[in-house]
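Per mature numbering (1 follows the signal peptide of the UniProt record, and there is no 0): the sequence shown = residues -19 to -1, 1 to 312. First comes the structure, then the notes that go with it.
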Amino acid sequence: MKKLLLAALLAALAPAARAQNVVIKLGTLAPQGSTWHEILKEMAQRWEQASGGQVKLRIYAGGAQGSEGDMVRKMGIGQLQGAAISNVGMHDVIPEPQALSVPFLFEDQAQMECAFAKVRPQLEAALEKRGLVALQWSRIGAIHLFCSSAHRSPADMANAKIWAWEGDPKSVEAFRAAGLKPVVLSSNDIVPSLQTGMIDCIPNVPLYVLTARLHEKASHMMDLPWSWMMGATLVRKDAWEKIPADTRAKLAAIARELGEKVDVEVKRLNTDAVTAMQKQGLQVEKGDPAAWRTAMEKTWPVVRGGVVPAAFFDEVKGARDACKAGGAKKK
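Structure, rendered in structure tokens:
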């Protein structure tokens, strides 16, 4: 009888013994107080509640952990267990997501969304092979070209210096193929470089430009969408799997819910950001779509196989064409 009672006691204590507190340190470039930062803070609170205090999410916003490339490297050595980063910043992990932001590859967001849905399983499988889990994907918005003076066509850009992402030399080569003059910098160096004239133009989404006050120097925005930017909240698979499976399901559901919430909010805020910046002196310039499309198509042969694996680039392009033929619905 005593043995049976002891066995029952050990069985009851076993789950408690296995349970462990998990701390996930997560970095992001999202500025302090921005919509993205606030959503991550809400996720941290709800994760702690849903896990009974066992899972704590510590957020390092505003580039406190360095550029997105720095965050990826810190995840690799375990200094960070997570990062909320853009698809372009993921090139240090896997290059495939960058296909979604190739300039002028898609005619509109609906086409990009349609193509993304078709290739998403492959992207998540590629991340998992690198020991990462994509908890949710978010839509950061349409990228526009912001410059210190008006540039409506590639010909206007002859002497303009455009920011290029650090650690992605083939993207630099692609810019040059389009006749642009890229300057390679860390994302954390954008503000001082605009101030000193080291760069004249930066492609980014309006909400980020407003939040980071970049429009105070880059006060001219081209009205044409340059491309679209996605983001994802990534966590190391080994850290994620320390959390009990039933709790992981709850936390993943929260992440997806908040991802959908921020998508709706950010779409509105990007529109509001342009209006707010116009009140502060931003000039919206009408771009020449045919000239830009012709110039940026010259980047595609460099991107294909140089930035993004050729087979995947072709698959995304094929998905785009299928979406175009099927008439992707605008969101």
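Glycine included, every Cβ here is placed at the ideal spot set by N, Cα and C.
- Annotation for Lys99: Ala300 place their beta carbon closer than 6 Å to its own, counting only its chain and skipping 5 residues before and after.
- Annotation for Trp221: Val114 place their beta carbon closer than 6 Å to its own, counting only its chain and skipping 5 residues before and after.
- Here Asn169 carries a helix assignment [DSSP, helix/strand/coil].
- CA-CA distance, Ile124 to Pro78, rounds to 15 Å.
- Secondary structure of Gly57 (DSSP, three-state): helix.
- Scanning its chain for C-beta atoms nearer than 6 Å, with the 5 sequence neighbours on each side dropped, one finds around Glu246 the residues Thr16, in chain order.
- If you draw a 10 Å sphere on the C-beta of Pro76, you find 16 or more other C-beta atoms in it, and that means buried.
- Counting only runs of 4 or more residues that sit fully inside the stretch 248 to 288, the alpha helix (DSSP H) segments are 270 to 278 and 281 to 287, in chain order.
- Only exposed fits Gly307, as fewer than 16 other CB atoms lie within 10 angstroms of its CB.
- Per the DSSP secondary-structure output, Leu215 pairs in a beta bridge with Ala64 and Ala115.
- Below 8 Å, enough C-beta pairs join the stretch 123 to 137 and the stretch 204 to 215 to call them touching: three or more.
- Contact between Met202 and Val265 holds: their C-beta atoms lie close to 5 Å from each other, under 8 Å.
- A direct Cα-to-Cα measurement between Pro282 and Val69 gives close to 18 Å.
- With a cutoff of 7 Å on beta-carbon distance, Val243 and Ile20 are scored as near each other.
- Within the model, the alpha-carbon separation for Gly112 versus Cys182 is close to 35 Å.
- By DSSP's assignment, Ala145 forms a beta bridge with Val165.
- One alpha carbon belongs to Thr275, the other to Ser167, and they sit about 28 Å apart.
- Three or more pairs of CB atoms, one per stretch, sit closer than 8 Å, so the stretch 255 to 263 contacts the stretch 184 to 200.
- Runs of the alpha helix (DSSP H) spanning 4 or more residues and lying entirely within the stretch 80 to 113 occur at 90 to 110, in chain order.
- Out of Gly160, Gln13, Leu188 and Glu238, the CA that lies nearest to the CA of Trp273 is found in Gly160.
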